[in-house]
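*Asks:* Residue numbers (our numbering), protein chains in the order written: chain X, 10 to 425; chain R, 10 to 425. Quick reminder that beta carbons are idealized off the backbone N, C-alpha and C, glycines included. Please find one structure pasted underneath; my questions will follow.
Protein chains: 2
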Amino acid sequence: MDVDRERLREDIEENAEFGRIETDSGRGRTVLTGTEANREAREHLVERLEDAGLDVRIDAVGNVAGRWTPESADPEAAPVAAGSHLDSVPEGGIFDGPLGVYAALEAVRAMQDAGVEPTRPVEVVSFTEEEGQRFASGLLGSSVAVGERTVEEALALEADDGTTLGEALEAMGFRGEGLLDAGEWDGWLELHVEQSERLESADVPVGVVTAITGITHCEATVRGEANHAGATPMDDRTDALAAASEFVLDVERAANEVVAESSDTAVGTVGSFDVRPNATNVVPGAVEMGVDVRDVEYDSMETVVSRARESLDRLEGERGVETEFARPFDLEPTPMSDRVRQSAHDAGERAGIETMDLHSGAAHDTMHVAEKTDAGLLFAPSRDGISHNPKEWTDWDDCATATRVLAGALADLGGA
Amino acid sequence: MDVDRERLREDIEENAEFGRIETDSGRGRTVLTGTEANREAREHLVERLEDAGLDVRIDAVGNVAGRWTPESADPEAAPVAAGSHLDSVPEGGIFDGPLGVYAALEAVRAMQDAGVEPTRPVEVVSFTEEEGQRFASGLLGSSVAVGERTVEEALALEADDGTTLGEALEAMGFRGEGLLDAGEWDGWLELHVEQSERLESADVPVGVVTAITGITHCEATVRGEANHAGATPMDDRTDALAAASEFVLDVERAANEVVAESSDTAVGTVGSFDVRPNATNVVPGAVEMGVDVRDVEYDSMETVVSRARESLDRLEGERGVETEFARPFDLEPTPMSDRVRQSAHDAGERAGIETMDLHSGAAHDTMHVAEKTDAGLLFAPSRDGISHNPKEWTDWDDCATATRVLAGALADLGGA
Chain X
10 MDVDRERLRE DIEENAEFGR IETDSGRGRT VLTGTEANRE AREHLVERLE DAGLDVRIDA
70 VGNVAGRWTP ESADPEAAPV AAGSHLDSVP EGGIFDGPLG VYAALEAVRA MQDAGVEPTR
130 PVEVVSFTEE EGQRFASGLL GSSVAVGERT VEEALALEAD DGTTLGEALE AMGFRGEGLL
190 DAGEWDGWLE LHVEQSERLE SADVPVGVVT AITGITHCEA TVRGEANHAG ATPMDDRTDA
250 LAAASEFVLD VERAANEVVA ESSDTAVGTV GSFDVRPNAT NVVPGAVEMG VDVRDVEYDS
310 METVVSRARE SLDRLEGERG VETEFARPFD LEPTPMSDRV RQSAHDAGER AGIETMDLHS
370 GAAHDTMHVA EKTDAGLLFA PSRDGISHNP KEWTDWDDCA TATRVLAGAL ADLGGA
Chain R
10 MDVDRERLRE DIEENAEFGR IETDSGRGRT VLTGTEANRE AREHLVERLE DAGLDVRIDA
70 VGNVAGRWTP ESADPEAAPV AAGSHLDSVP EGGIFDGPLG VYAALEAVRA MQDAGVEPTR
130 PVEVVSFTEE EGQRFASGLL GSSVAVGERT VEEALALEAD DGTTLGEALE AMGFRGEGLL
190 DAGEWDGWLE LHVEQSERLE SADVPVGVVT AITGITHCEA TVRGEANHAG ATPMDDRTDA
250 LAAASEFVLD VERAANEVVA ESSDTAVGTV GSFDVRPNAT NVVPGAVEMG VDVRDVEYDS
310 METVVSRARE SLDRLEGERG VETEFARPFD LEPTPMSDRV RQSAHDAGER AGIETMDLHS
370 GAAHDTMHVA EKTDAGLLFA PSRDGISHNP KEWTDWDDCA TATRVLAGAL ADLGGA
């Protein structure tokens, strides 16, 4: 079974026209949920699904699904599904999301062309607002498809301009009926760009994800005393920035120690950092920080978080600052299905394509789907690991190669 | 010679009505150059100067001077001058500036009441925009009075709303003629609130400043690589925030070392700190910092600055970041006149008021005046060292006590 590299390329390039951004260094797009660019991208997908003979439906939160039920398949059998998302971050890349949607479609077309006869229907899926740039914090459509959020809650979500998701979908003509239910699928596969450099470094074209890391977001606040930078002697200061700087280095050290001691996939990041009053001639009075901790092992996430708390306790004692620590977001790691992973490795082997195990440090709709059915995630190489940026790039050959593995795995999971 | 505590208090309290702010914790005011509050404060001062029989003139940049030429004085003799400023920071205190202006006026009235007979005229001065909140970065009026800036340059300075200083003065009726020339004064004294806790801690009512620290402002930039906080392994990061955190601690350490080794008045502060892109889930790509270094010894300022540069060099080598360092502002320390200081100490001793030497870490118009004539600076205690804040407070007894020392010193310097 072979995939048509040029057909896949055309689909992704045509999709890249919607919300197109041309920069010196690459090709990007801005496709936020409910915008004209999003409507065009959705309508084009529906057209392409129908061109391939798929039955298209739009659910109540705008998730799009196209089902192929060949004569070989039992229409009542639980389908195997694959897909990703069409929305982007502002000034994002052209592959993050669309590759997974159009690769799933190309996989179906490849099976059709090769006369593959699955015994289950195959479903191509595009979830609403994976990137969470307008209505939610991310993974919106899949959260409804797994019952984490009700349709009513989702439709009531408001953008900054007061528009609800319901209104935005209605305006695009993409507020459908019923609900895509991930629990009805027999299995699921998503192909996505890696967003790291491990495949590129190893010169391996396809990654098979073992687990998606858990994610903890913490908010740490350090309060000292804002004071005149000239008139306050060094020994009379409670400098919130100096204390917060120690915290940043403690979090980095904690993550490095966990990497060295127990789990080399652990990461800890202080990503946001706001200083008040933030004037050159004032000793900083307060710093608010956002901390991101991830790993495939929840225990090692806990270790980093508890060392971050210990750092704040130490700073209270040593520097006289007041501190606060909150953990508003905490998601455990999501292991991928062994059965689905094996299908992917086998498909690679059959096609003579090298595959390698790796983890995903980024969140994907597959995290949600995995709560309801056997789920897998494949990666294609990202040049220099860059994503969420017009510089994001995956070679067309790599797109096609990863799609061949996806198609092979879907055929296998579909009972062909 | 005694000063009238209640007359001084009434002057400062009446002045505090202009731009008044009432807060739970104190009384403040917002008096920016060219505002209605500034016009009212200026008109009230002119009235009070004239009430005391002083000849008032307004110069081309709105500096206000009231001259007392008693019969005992040679009208052609170089006057001795004293004063401060009436403008405030947004939501500033009621003493910072006005104490020095109205204490100078009260000193003249006290000399008049006591029949003191100076042989030189005595001039009460209020400089335009010391705080630098609207047209310049600070010390505006005194910069013109010492020839650091021409009248034309000053009048062309623009506020954010496009108004020029010339237009603002014109609108208030305070665009006068001629120029206050600090070089024509035989000596100068400014009374100001301390903005630190040294007098309060020592329980001494009057400070005699030995030197105003020099001030260096540096801009340090650290550039790493912004990257996905989940998908970027710890050993594959160039985290600009972690590197910048080391820099903050290096600057703090350098200042502490200089304090321990050579000059206990040295201070070094990273006060502003801006992280990009500043999102919890993104490894920081760049940090821009503003560094403030001050001391009464220029050598020790140099030591702190050179250790800050060394820190950046080290971070380039150890963390692979790119760095930039600029020093857009650099002012050497300003020693106060021994003659004027001695007059102040003597005045304290004559009146049975304890005085102590200390330095000023904050900038004052006196820094400029000292370029042209013998200048001195007196401090009154600041409760908890707080200033630029409605909580700023100096007890009325302390205001009067410091004014007695000011009056005694002015009488002495005026040849009485």
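1. Have a look at R:V291, R:R262 and R:M298 and flag the residue whose alpha-carbon is nearest the alpha-carbon of T312 of chain R.
2. My output table needs one value for V296 of chain R: the three-state DSSP class, helix, strand or coil.
3. Assuming E126 of chain R contacts S81 of chain R (C-beta within less than 8 angstroms), just tell me the rounded distance between them.
4. Chain X partners of L1 of chain R, CB-CB under 9 angstroms?
5. Are M298 of chain X and F256 of chain X touching if we call contact CB-CB under 8 angstroms?
6. With a cut-off of 8 angstroms, do at least 3 Cβ pairs link the segment 319-327 of chain R to the segment 270-288 of chain R?
7. In terms of residues, what are the limits of the alpha helix (DSSP H) holding S81 of chain R?
8. Considering only heavy atoms of the ligand SAH, does any lie closer than 7 angstroms to the CB of R36 of chain X?
9. Should S315 of chain R be labelled buried (16 or more other beta-carbon atoms within 10 Å of its own) or exposed?
10. Name, going along the chain, the residues of the segment 142-154 of chain R whose beta-carbon falls closer than 7 angstroms to a beta-carbon of chain X.
11. One question on the structure: do A165 of chain X and G175 of chain X come within less than 8 angstroms of each other, judged by their Cβ atoms?
12. For R348 of chain R, does the count of other Cβ atoms within 10 angstroms reach 16, so buried, or fall short, so exposed?
13. Would you say A416 of chain X faces chain R, with C-beta separation under 8 angstroms as the test?
14. Would you decide whether S34 of chain R is buried or exposed? Buried here means 16 or more other CB atoms lie within 10 Å of its CB.
15. Report yes if the C-beta distance between A154 of chain R and A191 of chain R is below 8 angstroms; otherwise report no.
16. Tell me, please, whether the CB atom of D339 of chain R is closer than 8 angstroms to any CB atom in chain X?
17. Name the DSSP bridge partner or partners of S135 of chain X?
18. Using a Cβ-Cβ distance under 8 angstroms, would P242 of chain R count as near chain X?
19. With D406 of chain R as the anchor, note down where its alpha helix (DSSP H) starts and where it stops.
20. Quick test of the definition: if touching needs 3 or more C-beta pairs under 8 angstroms, does the segment 200-220 of chain X touch the segment 71-80 of chain X?
21. Could you compute how far the alpha carbon of M10 of chain X sits from the alpha carbon of D421 of chain X?
22. So which residues of chain R does A288 of chain X contact, with C-beta pairs closer than 7 angstroms?
23. Tell me the rounded alpha-carbon separation between G196 of chain R and H373 of chain R.
24. Out of X:R18, X:R413, X:L258 and X:D407, point me to the one whose CA is closest to E209 of chain X's CA.
25. Using a Cβ-Cβ cut-off of less than 8 angstroms, give me the residues of the segment 25-36 of chain X that come near chain R, in sequence order.
26. Kindly indicate the opening and closing residues of the beta strand (DSSP E) around D245 of chain X.
27. What do you get for A240 of chain R, buried or exposed, if any count of 16 or more other CB atoms within 10 angstroms of its CB means buried?
28. Using only the alpha-carbon positions, how far apart do G424 of chain R and H377 of chain R sit?
29. Taking all protein chains shown into account, do 16 or more other C-beta atoms lie within 10 angstroms of the C-beta of A335 of chain X, making it buried, or fewer, making it exposed?
30. Over the uninterrupted alpha helix (DSSP H) stretch that includes M365 of chain R, give me the two end residues.
31. Output yes if chain X places a C-beta closer than 8 angstroms to the C-beta of G299 of chain R; else output no.
32. Quick one, which residues of the segment 211-243 of chain X are near chain R if we go by CB-CB under 8 angstroms, in chain order?
33. Roughly how many angstroms lie between the CA atoms of A249 of chain X and A112 of chain R, to the nearest whole one?
34. How big is the Cα-Cα spacing for D20 of chain R and A123 of chain R?
35. According to DSSP, simplified to helix, strand and coil, what is F334 of chain X?
36. DSSP on V40 of chain X, reduced to helix/strand/coil?
*Replies:* Quick look at the numbers:
1. To locate residue 312 of chain R, count along the second sequence from 1; it is residue 303. The alpha carbon of T312 of chain R has as its nearest neighbour, out of R:V291, R:R262 and R:M298, the alpha carbon of R:R262.
2. Here residue 296 of chain R refers to the residue found at position 287 when the second sequence is read from its first residue. In this structure, V296 of chain R counts as strand in the three-state DSSP scheme.
3. Within the second sequence, numbered from 1, the residue matching residue 126 of chain R stands at position 117. Within the second sequence, numbered from 1, the residue matching residue 81 of chain R stands at position 72. Rounded, the Cβ-Cβ distance is 3 angstroms, consistent with contact.
4. There is no way to answer for residue 1 of chain R, as the model of chain R reaches only from 10 to 425.
5. Residue 298 of chain X sits at position 289 when you count from the first residue of the first sequence. Residue 256 of chain X sits at position 247 when you count from the first residue of the first sequence. In this structure, F256 of chain X lies closer than 8 angstroms to M298 of chain X by Cβ.
6. Result no; under three Cβ-Cβ pairs closer than 8 angstroms.
7. The residue you call residue 81 of chain R lines up with position 72 of the second sequence. Counting along the chain, no alpha helix (DSSP H) covers S81 of chain R, and no H or E run does either.
8. Annotation note on the ligand SAH: not contained in the displayed structure, which lists no ligands.
9. By 1-based counting over the second sequence, the position of residue 315 of chain R is 306. Per the 10 Å Cβ criterion, exposed.
10. none
11. Along the first sequence, one-based indexing puts residue 165 of chain X at 156. Along the first sequence, one-based indexing puts residue 175 of chain X at 166. Yes, the Cβ-Cβ distance between A165 of chain X and G175 of chain X is below 8 angstroms.
12. As a first step, residue 348 of chain R must be located in the second sequence, where it is residue number 339. R348 of chain R should be labelled exposed.
13. For this step, residue 416 of chain X is matched to residue 407 along the first sequence. Not an interface residue.
14. As a first step, residue 34 of chain R is located in the second sequence; it is residue number 25 there, counting from the start. Exposed: under 16 other Cβ atoms inside 10 Å.
15. By 1-based counting over the second sequence, the position of residue 154 of chain R is 145. By 1-based counting over the second sequence, the position of residue 191 of chain R is 182. Yes, these two residues count as a Cβ contact at 8 angstroms.
16. As a first step, residue 339 of chain R must be located in the second sequence, where it is residue number 330. It does not: the Cβ of D339 of chain R has no partner Cβ on chain X nearer than 8 angstroms.
17. The residue labelled residue 135 of chain X in the question sits at position 126 within the first sequence. S135 of chain X pairs with X:V73 and X:S93.
18. Here the question's residue 242 of chain R lines up with position 233 in the second sequence. Interface residue, yes.
19. Locating residue 406 of chain R in the second sequence gives position 397, counting from the first residue. It spans W405 to L422 - the alpha helix (DSSP H) in which D406 of chain R sits, taken as one unbroken run.
20. no
21. Within the first sequence, residue 10 of chain X is the residue found at index 1, counting from 1. Within the first sequence, residue 421 of chain X is the residue found at index 412, counting from 1. Cα to Cα, the separation comes out at about 12 angstroms.
22. Residue numbering aside, residue 288 of chain X sits at position 279 when the first sequence is read from its first letter. Neighbours of A288 of chain X on chain R, chain order: G280 and S281.
23. For the purposes of this step, residue 196 of chain R is taken as the residue at position 187 of the second sequence. For the purposes of this step, residue 373 of chain R is taken as the residue at position 364 of the second sequence. Whole-angstrom Cα-Cα distance: 16 angstroms.
24. Counted from its first residue, the first sequence places residue 209 of chain X at position 200. Checking every option, the nearest Cα to that of E209 of chain X belongs to X:D407.
25. none
26. In the first sequence, counting from the first residue as 1, residue 245 of chain X sits at position 236. Premise fails: D245 of chain X is in no beta strand (DSSP E) and is neither H nor E.
27. The residue you call residue 240 of chain R lines up with position 231 of the second sequence. Burial call: buried.
28. For the purposes of this step, residue 424 of chain R is taken as the residue at position 415 of the second sequence. For the purposes of this step, residue 377 of chain R is taken as the residue at position 368 of the second sequence. About 24 angstroms.
29. Reading the first sequence from its first residue, position 326 is the one you call residue 335 of chain X. Label assigned to A335 of chain X: exposed.
30. The sequence position of residue 365 of chain R within the second sequence is 356, counting from 1. First-last for M365 of chain R: T364 to S369, but that is the beta strand (DSSP E), not the alpha helix (DSSP H).
31. For the purposes of this step, residue 299 of chain R is taken as residue 290 along the second sequence, with counting starting at 1. Output row for G299 of chain R: interface = yes.
32. Within the segment 211-243 of chain X, the qualifying residues are T222, I224, H226, N236, H237, A238, G239, A240, T241, P242 and M243.
33. Here the question's residue 249 of chain X lines up with position 240 in the first sequence. Here the question's residue 112 of chain R lines up with position 103 in the second sequence. Taking the straight line joining both Cα atoms gives about 37 angstroms.
34. Taking the second sequence and counting its residues from 1, one reaches residue 20 of chain R at position 11. Taking the second sequence and counting its residues from 1, one reaches residue 123 of chain R at position 114. About 20 angstroms.
35. To locate residue 334 of chain X, count along the first sequence from 1; it is residue 325. The answer is strand: DSSP assigns F334 of chain X an E or B state.
36. Here the question's residue 40 of chain X lines up with position 31 in the first sequence. The answer is coil: DSSP assigns V40 of chain X none of H, G, I, E or B.
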